[in-house]
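Counting from 246, one number per residue, gives the positions in the sequence shown under our numbering. Below is one structure; the comments refer to it alone.
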Amino acid sequence: MEEIKDKKTILVLGASSFLGVNLISYLKTNHRVIGTYYNTPIHFKDVLTVRLDIFNKKALDRLVFAFRPDIVIYCIGQNSLTRCGKYRNAAEALNTSGVVNTVSTIEKYGTKFVYFSSPHIFSGDKGNYSERETPMPSTVLGGTQANSEFYIQKNSLNYLIFRVCNLFGRSYNPGKPNFLEFLENKFFYHEPFYCDNSVSTGWFSVLLLAKIVDMAIRKNLSNRLLQVCSNEALNQYEFAKIYAKVHKLDTSFVSQRRVPFPLDEKKAMVSGVGNADYLDFSMSVQNLLSVFNLKIPKIDSMVHNYYTMLGLNIKAAAAPTQKSEIKYI
Ligand SMILES: NC(=O)c1ccc[n+]([C@@H]2O[C@H](COP(=O)([O-])OP(=O)(O)OC[C@H]3O[C@@H](n4cnc5c(N)ncnc54)[C@H](OP(=O)(O)O)[C@@H]3O)[C@@H](O)[C@H]2O)c1
């Protein structure tokens, strides 16, 4: 990695999250990084981590005053479509009120705010959404993220929004296996399982996203919204098959079926997808390609590269930490 002269001080809120762990592991090489956790203490070499409740505005203010970060990266949130649907208030608090707290706290220091949204700010009616299209969420998660995007764009003078498709990679919290970890465990133990075949989306390596975030920081990009998505759109079943193909695994025990998608009844009615048989949340990436000289790899190459970069293969997959049912995570 090339030497970076202008090291930034970066505060990662939610260092214990799947995204936070992967971002910090990448960014700490070139920047001074401080991280926060809430219920899951986490330690990295050369990174100070502290406990923070995002609703404790005074504590957040003290943290920002003490470290004067150049950049605050917000990795706190409830990213599960199902849990957001079940616990709407908690989702709104974490995904939106936490953002408002943070933006209003750091504004006086001129700190850059980095936020990760998702294609769920769209309804899923057609796919290939561009950055210019008006958000029209059909889920509670999408509603909370659309509100945050709107708030940030109206109130922050220095922001970056990455609207990111489904990310794959290893997480930190063994109690919350993500979809890739679910696949690793099922294939490792040869357990028959099924995946959804009715919702398509992009799939992107979390390590490649970390690289893009670092590139944006080095370029000092500001006040931009960049969609990050693969060129292909796959449902969970198709992704599982690609995962198996890359690792040369037997796919006979993976089957497909339609898994109920946690639509928000009212939002789905307004956006016209209430009775849709098929949803597509894929996005185009014009802004990203106009800023960076990038060629987005195909999904199978990204999966292959992910394991090669980590020096891992399926044989090294961790033992399952819990029995998990397939659901929209
Ligand atoms: N994962 C994806 O594919 C994806 C795609 C697009 C956008 N995003 C967005 O990226 C962000 C991170 O997603 P993720 O999947 O990495 O999340 P995650 O693994 O579920 O982690 C959630 C984080 O929120 C923290 N947290 C929860 N309650 C808190 C509180 N009251 N105060 C402070 N921190 C609290 C948790 O801390 P503890 O564990 O320490 O309690 C944890 O670090 C979310 O905003 C998500 O919507 C994710």
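C-beta atoms are modelled at their ideal positions from N, C-alpha and C, and glycine is treated no differently.
Rounded to whole angstroms, how far is the Cβ of residue i from the Cβ of residue j, which I believe are closer than 8 Å?
| i | j | result |
| --- | --- | --- |
| I318 | V257 | 5 Å |
| F424 | F432 | About 13 Å; that fails the 8 Å criterion. |
| V499 | K512 | That pair is no contact at about 31 Å. |
| M528 | R408 | 7 Å |
| T341 | K302 | Actually they do not touch by this definition, with Cβ atoms about 15 Å apart. |
| F289 | I269 | 6 Å |
| I321 | G420 | Contact flag wrong, Cβ pair sits at about 17 Å. |
Go ahead and pull the three-state DSSP assignment for residue i.
| i | result |
| --- | --- |
| L308 | helix |
| I571 | With a pLDDT of only 39 at I571, under the threshold of 50, the placement of this residue in the model should not be trusted; the figure read from the coordinates follows. Correct three-state label for I571: coil. |
| L454 | helix |
| S443 | coil |
| Q390 | helix |
| F498 | coil |
| N411 | strand |
| L508 | coil |
| K560 | Per-residue confidence for K560 stands at a pLDDT of 49, beneath the threshold of 50, marking its modelled position as unreliable; the derived number appears in the next sentence. K560: helix per DSSP, three-state reduction. |
| L524 | strand |
| V518 | coil |
| T384 | coil |
| P565 | Note that P565 scores a pLDDT of 44, beneath 50, so its modelled location is shaky; the value from the coordinates is reported in the next line. Three-state result, P565: coil. |
| L258 | strand |
| Y283 | coil |
Is it the case that the CB of residue i approaches a heavy atom of ligand 1 more closely than 7 Å?
| i | result |
| --- | --- |
| S375 | no |
| F525 | It is worth fixing the name first, because residue 525 is Asp in this sequence and not Phe. Outside the cutoff, so no. |
| S401 | no |
| D298 | yes |
| I316 | no |
| V444 | no |
| N532 | no |
| K421 | yes |
| C440 | no |
| T341 | no |
| V309 | no |
| I321 | yes |
| S546 | no |
| V409 | yes |
| G388 | no |
| G369 | no |
| L264 | yes |
| N465 | no |
| G447 | no |
Could you work out which residue in the options is closest to residue i when comparing CA atoms only?
| i | options | result |
| --- | --- | --- |
| F526 | F537, Q472, Y488, D495 | Q472 |
| S362 | P380, F300, I316, L293 | P380 |
| K543 | G447, M554, A521, M460 | G447 |
| T281 | V292, T274, Q481 | V292 |
| E436 | P422, N442, L452, T496 | T496 |
| I406 | N301, F263, L533 | L533 |
| F449 | Y374, S546, F438 | S546 |
| V491 | E429, S443, E510, V536 | E429 |
| R377 | S416, M460, F300, R469 | R469 |
| G369 | V530, Q531, C410, K421 | C410 |
| R503 | S262, E510, D441, D509 | D441 |
| Q501 | F484, E510, T347 | F484 |
| T254 | V309, T285, D298 | V309 |
| S467 | E426, Y523, Y360 | Y360 |
Touching by the beta-carbon criterion (3+ pairs, under 8 Å), the segment 374 to 392 and the segment 317 to 333: yes
The segment 392 to 401 contacting the segment 544 to 553, beta-carbon criterion three pairs below 8 Å: no
At least three beta-carbon pairs within less than 8 Å, the segment 448 to 459 to the segment 506 to 522: no
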